[in-house]
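Q: Can you keep this structure in mind? I'll have questions shortly.
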Amino acid sequence: MLSGDSLSVLDALNKIGFFDVAPRQIVIEAKIVELNNERMEELGIDWQKLLDRTGIHSQGGISITGRKSHENHLEYEYKDTQYGFSGGFQTGMVVSDLLRLIQDKSIGKITNIPRIVTINNRAGILLDGSRITYVSRYSSYANIYETDELTAGLYLEVTPSLGENDYLKLDVNAKLTSLGEIIGGSPSELGQQIKNTVYVKNGEEFMLGSFKKIQKIKIRKKIPVLGTLLPFLFSTKSEIETYRDFLVILKPQVIDFGKQEIPKIEEK
């Protein structure tokens, strides 16, 4: 309760109103676009040239996994190779043109459109996948154990910082991973990771980078029974290579809850 003369109370109320404002929230919208590379080849679109024009440069580790399956007397052997790209700042016009091309030519699809809501200089985290908890250390004598966590899927961590002239600095850590083999009793993590710092205008889309996944399929055709007994005479082998690019596109938007609402997700 405020007391005193009317002018002092009014001055105090004005000061309280000046400092008592809602915090500025920042919404980070993420678009994950899966490209159909075979479709692009059919249309004669050179995706690598498009990447070169947008300033994407290769970076990161490589992981390889494999599996086998049998269908209709055919033996399939899959070998997946994954590696990532890191990208620089892209203007909204370039990204919008790229998305329009992808949609008009049906060469890709937006797999999900999640959002992160955070505040200035605070990290916002999004996980589109699974979080696995496992025992990393165990003492049978004291019956004490320690646990650790791994993530499988898309992991996105964004730390925004408000700047001048309606610009923001974004520290971004993006991972697209899957669970690998059990090593020493603990699961391993396979995939790619992109770390980058970009400066982007409020409300403008930019492309952080892309993940690439290459799958080599070895097909073995064989005649029933004879193909198993004498594979060198009654079976043939061939190899097919398929690959996919996953684009990571982000759009930050500063929200003042006293003036406007959180923007709605665009319908695709």
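In this note's numbering, each residue carries its 1-based index in the sequence shown increased by 7. Even glycine gets a Cβ: it sits at the ideal position worked out from N, Cα and C.
How would you write the range of the beta strand (DSSP E) that L175 sits in, first residue to last?
A: Indexing the sequence shown from 1 puts residue 175 at position 168. Segment 174-190, the beta strand (DSSP E) holding L175.
Q: Can you list, in chain order, the residues of its chain whose CB lies under 6 Å from that of R46, leaving out five sequence neighbours each side?
A: Along the sequence shown, read from residue 1 onward, the residue named residue 46 stands at position 39. I114, listed in sequence order.
Q: Quickly, what does DSSP pair F213 with across the bridge? List them, please.
A: If you number the sequence shown from 1, residue 213 lands on position 206. Beta-bridge pairing links F213 to L257.
Q: Between L161 and K208, is the Cβ-Cβ spacing less than 9 Å?
A: Taking the sequence shown and counting its residues from 1, the one referred to as residue 161 is at position 154. Taking the sequence shown and counting its residues from 1, the one referred to as residue 208 is at position 201. No, they are not a contact pair.
Q: Shortest alpha-carbon distance to A159 belongs to which of I123, S103, R107, T140?
A: Your numbering for residue 159 matches position 152 in the sequence shown. Out of I123, S103, R107, T140, T140 has the C-alpha closest to the C-alpha of A159.
Q: Is the segment 218-228 touching the segment 241-259, taking contact as three or more C-beta pairs under 8 Å?
A: The answer is yes - the segment 241-259 touches the segment 218-228, with three or more Cβ pairs under 8 Å.
Q: Given a threshold of 16 other Cβ atoms within 10 Å of its Cβ, counted over all protein chains shown, does F239 qualify as buried or as exposed?
A: Indexing the sequence shown from 1 puts residue 239 at position 232. Exposed.
Q: Given this structure, state the Cα-to-Cα distance separating N43 from Y148, to the nearest angstrom.
A: Here the question's residue 43 lines up with position 36 in the sequence shown. Here the question's residue 148 lines up with position 141 in the sequence shown. Straight-line Cα distance between these residues: approximately 54 Å.
Q: Helix, strand or coil: how does DSSP classify S242 here?
A: Along the sequence shown, read from residue 1 onward, the residue named residue 242 stands at position 235. Strand at S242.
Q: Opposite R144 in the DSSP bridges: which residues?
A: Along the sequence shown, one-based indexing puts residue 144 at 137. Its beta-bridge partners are E153.
Q: I need the straight-line Cα distance from K220 to V40, nearest angstrom please.
A: Sequence index remark: in the sequence shown, residue 220 carries index 213 (1-based). Sequence index remark: in the sequence shown, residue 40 carries index 33 (1-based). Going from the Cα of K220 to the Cα of V40 covers about 13 Å.
Q: Beta-carbon within less than 6 Å of L133's beta-carbon, same chain only, minus the 5 sequence neighbours each way: which residues are those?
A: As a position in the sequence shown, residue 133 is number 126, starting the count at 1. Cβ neighbours of L133 beyond the five flanking positions: P121, I123, L163.
Q: State the DSSP-derived secondary structure class of I230, mapped to helix, strand or coil.
A: Counting from 1 along the sequence shown, the entry for residue 230 is found at position 223. Looking at I230 - three-state DSSP - the assignment turns out to be coil, as it is neither helix nor strand.
Q: Can you tell me whether L17 is buried or exposed, with buried defined as 16 or more other CB within 10 angstroms of its CB?
A: Locating residue 17 in the sequence shown gives position 10, counting from the first residue. So L17 counts as exposed.
Q: Give the DSSP bridge partners of D252, in chain order.
A: Looking up residue 252 in the sequence shown gives position 245. In DSSP, D252 forms a bridge with L42, K219.
Q: So, helix, strand or coil for I114, using DSSP?
A: Within the sequence shown, residue 114 is the residue found at index 107, counting from 1. Note: I114 maps to coil in three-state DSSP.
Q: Residues in the same chain with beta-carbon distance under 8 Å from I126, minus the five sequence neighbours each way, listed in chain order, please.
A: The residue given as residue 126 occupies position 119 in the sequence shown. Counting only Cβ-Cβ distances below 8 Å, and skipping sequence neighbours, we find P30, R31, Q32, I33.
Q: Work out the CA separation of L237 and P7 for me, nearest whole Å.
A: Examination of residue 7 is not possible in this model, given that the chain is present from 8 through 275 alone.
Q: For L186 and G210, what's the separation of their Cα atoms in angstroms?
A: By 1-based counting over the sequence shown, the position of residue 186 is 179. By 1-based counting over the sequence shown, the position of residue 210 is 203. Each residue's Cα considered, the two are about 35 Å apart.
Q: In terms of alpha-carbon separation, which member of V255, I262, V261, D263 lies closest to T118?
A: Within the sequence shown, numbered from 1, the residue matching residue 118 stands at position 111. Comparing Cα-Cα distances from T118 to each of V255, I262, V261, D263, the minimum goes to V255.
Q: Find the nearest neighbour of G191 within the set V142, Q199, E156, S168, judged by alpha-carbon distance.
A: In the sequence shown, counting from the first residue as 1, residue 191 sits at position 184. Measuring from the Cα of G191, the nearest candidate turns out to be V142.
Q: Should S195 be flagged as near chain D, meaning a C-beta pair shorter than 9 Å?
A: Reference to chain D is not applicable here, since this structure consists of a single protein chain.
Q: Who are the near neighbours of E36 in its chain, counting only those whose CB is closer than 6 Å to its CB and skipping five residues on each side?
A: Walking along the sequence shown from the start, residue 36 turns up at place 29. Cβ within range, chain order: R122, K258.
Q: Rank Q199, P167, E171, E188 by C-alpha distance to the C-alpha of K182 and give the top, closest one.
A: For the purposes of this step, residue 182 is identified with residue 175 of the sequence shown, where counting begins at 1. The candidate whose alpha carbon is nearest that of K182 is Q199.
Q: I need the boundaries of the beta strand (DSSP E) containing G198, first residue and last residue.
A: Taking the sequence shown and counting its residues from 1, the one referred to as residue 198 is at position 191. 193-208 is the extent of the beta strand (DSSP E) around G198.
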